[in-house]
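Mind the numbering: the sequence shown is residues 1 to 387 in this note's numbering, read in order.
We treat Cβ as the ideally placed atom computed from N, Cα and C, and that holds for glycine.
A quick note: this is a predicted structure, and the numbers were derived from the prediction, not measured.
This report concerns only the one structure given below.
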Amino acid sequence: MMRRIAVLDAPSNLGLRPPTPTSVPGCAKAPGALRDQGLLPRLRARDAGCLTPPRYDAGDWRPGDGVCHAREIADYSAALADRIGAIIDRGEFPVVLGGDCSILLGSALAMHRLGEAVGGRIGLVFVDGHSDFRHPGNASYVGAAAGEGLALVTGRGQADLAAIEGRRPYFRDVDVVVLGIRAQDEYRLDLQAAGIITRPVPALRAEGAARTAQWAHEQLADCAGYWVHVDLDVLDPAVMPAVDAPDPGGIAFAELEILLAGLVDTPHCLGVELTVFDPDYDPDGAYAAEIVNTVVSGLRPVTAPGSMPPRLRPEPPPPATPPRQSAPIGLVSAGDAASTPVIGRPVVAGPPTDTPTGPAGSAGQEPDEPTEPPAGTVEDDEDVLSR
């Protein structure tokens with residue numbers, strides 16, 4: 001058995017400021033540029049289509065107005081969550097091509113819905129050159145959702161984005177692992193105070209990408225599964241300048257490949273998103289080609305023979321009268337496991353694992369399948385409407 005990848009385009013640029021007064025962020029072109037380099041056939045992936053975002057128009061936004069494009073981002077996030085959920089329901093592995101980091105809200109909403117459905121918590125591995133943790137509690141005002149994504153998905157910020165469908169937070173602080181931020185990230189102390197686990201670039205490099213991926217698995221052992229967010233500005237601008245906010249001190253393509261391969265090499269990984277590549281800064285397509293090479297190699301464990309599909313399963317409701325020989329909650333008999341299609345963590349024999357108490361961490365039509373299954377600071381006005 002092998003997992004099948006489904007690639008979904010989410011070319012939203014609603015979470016970024018315009019690069020110039022007369023232009024819009026070019027990351028909306030990223031899915032097309034990556035497809036042009038042969039991403040889908042090289043992944044042997046199903047084409048899950050494109051979710052077209054609303055028009056980019058900052059209008060007369062001013063500091064103090066809240067997050068720019070908030071209503072449009074909220075609507076898009078709900079639709080994106082629908083599409084991601086449909087892919088997972090098919091037993092496939094979603095690879096979502098952004099777009100800017102505001103697409104994380106759609107992924108987070110999908111994961112919260114899934115966690116609620118299975119009676120467990122879903123975690124987040126956040127691979128990014130920046131913490132994206134700006135929120136009203138540590139900044140004078142907010143503006144660009146792409147620079148506030150991690151804050152929003154952990155429940156900080158305005159309710160129309162941080163609590164879509166009344167869900168808040170989408171991820172608990174203890175269910176988030178942040179990898180690849182710079183050592184002097186602006187909000188590193190806020191992350192520490194929140195109890196969000198981080199491994200900045202110096203520590204990641206000292207431990208190695210493979211061991212860091214394993215370490216991230218271990219931090220999320222109490223979760224039913226996890227989502228992986230990859231902002232390509234985690235790469236050093238010496239090798240990847242075609243992003244909206246390049247920042248020195250990043251990792252190399254080879255390190256990202258190893259890290260990605262380690263993170264997805266488990267049925268507990270539910271999907272991956274890629275964000276912030278801007279083809280406007282890649283006129284000859286060389287950076288797009290390098291991204292595709294890295295992603296194809298990094299995702300190889302997903303489609304390797306013998307790889308397991310996601311197997312999340314809700315805990316059974318407690319019976320009114322416990323049966324004489326009932327199994328511990330969360331265990332499934334061999335017959336049930338063999339006969340019931342499930343997604344999420346494999347069920348294993350043994351006593352149940354204690355998990356922290358707390359709230360559960362918890363459109364469009366996709367194309368048909370192919371007939372052959374493929375083998376704390378104050379920013380100025382310009383900065384706040386950026387990342």
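Residue pairing from DSSP places Cys50 in a beta bridge opposite Asp9. Taking a contact as a CB-CB distance under 8 Å, the pair Glu255 and Ala209 counts as one, their CB atoms being some 5 Å apart. A contact is defined here as three or more CB-CB pairs under 8 Å, and the stretch 52-68 meets this definition with respect to the stretch 12-22.
The count of Cβ pairs closer than 8 Å, one atom from the stretch 244-262 and one from the stretch 149-162, stays below three, leaving the stretches out of contact.
In the structure shown, the three-state DSSP call for Gly85 is helix. Check the Cα spacing between Leu232 and each of Glu116, Ala86, Glu290, Asp47: the tightest is with Glu290.
Taking a 10 Å sphere around the C-beta of Arg211, we find fewer than 16 other C-beta atoms and assign the residue as exposed.
Judged by DSSP secondary structure, Pro31 falls within the alpha helix (DSSP H) whose first and last residues are 30-36.
Inter-segment contact for the stretch 177-188 and the stretch 121-129 is present: three or more beta-carbon pairs are separated by less than 8 Å. With at least 16 other beta carbons inside 10 angstroms of its own, Ala45 counts as buried. Leaving aside the five residues that flank Ser307 on each side, the residues in its chain whose CB is nearer than 6 Å to its CB run, in chain order, Met2, Arg3.
Residue pairing from DSSP places Thr275 in a beta bridge opposite Asp231. The shortest C-alpha to C-alpha distance from Trp215 to any of Gly262, Thr52, Ile103, Gly157 is the one to Gly262.
For Ala86, the closest of Met111, Arg168, Ala183 by C-alpha to C-alpha distance is Met111. If one requires a minimum length of 4 residues, the alpha helix (DSSP H) runs lying completely within the stretch 243-274 are 253-264, in chain order.
For Gly123, the enclosing beta strand (DSSP E) starts and ends at 122-127.
Taking the Cα positions, Pro94 is about 18 Å away from Val276. Taking the CA atoms as reference points, Gly225 sits about 5 Å from Ile122. In this chain, Pro41 is not harboured by any beta strand (DSSP E); it is covered by the alpha helix (DSSP H) spanning 39-43. Of the residues Arg168, Pro283, Glu116, Ser77, the one whose Cα lies closest to the Cα of Cys101 is Ser77.
Between Asp175 and Leu124, the beta carbon gap of about 7 Å places them in contact (Cβ cut-off 8 Å). Judged by their CB atoms, Ile258 and Ala213 are nearer to each other than the 9 Å cut-off. In the DSSP assignment, Leu204 falls within the unbroken alpha helix (DSSP H) covering 201-207.
Remark: C-beta atoms of Pro63 and Tyr141 approach each other more closely than 9 Å. Taking a 10 Å sphere around the C-beta of Ala238, we find fewer than 16 other C-beta atoms and assign the residue as exposed.
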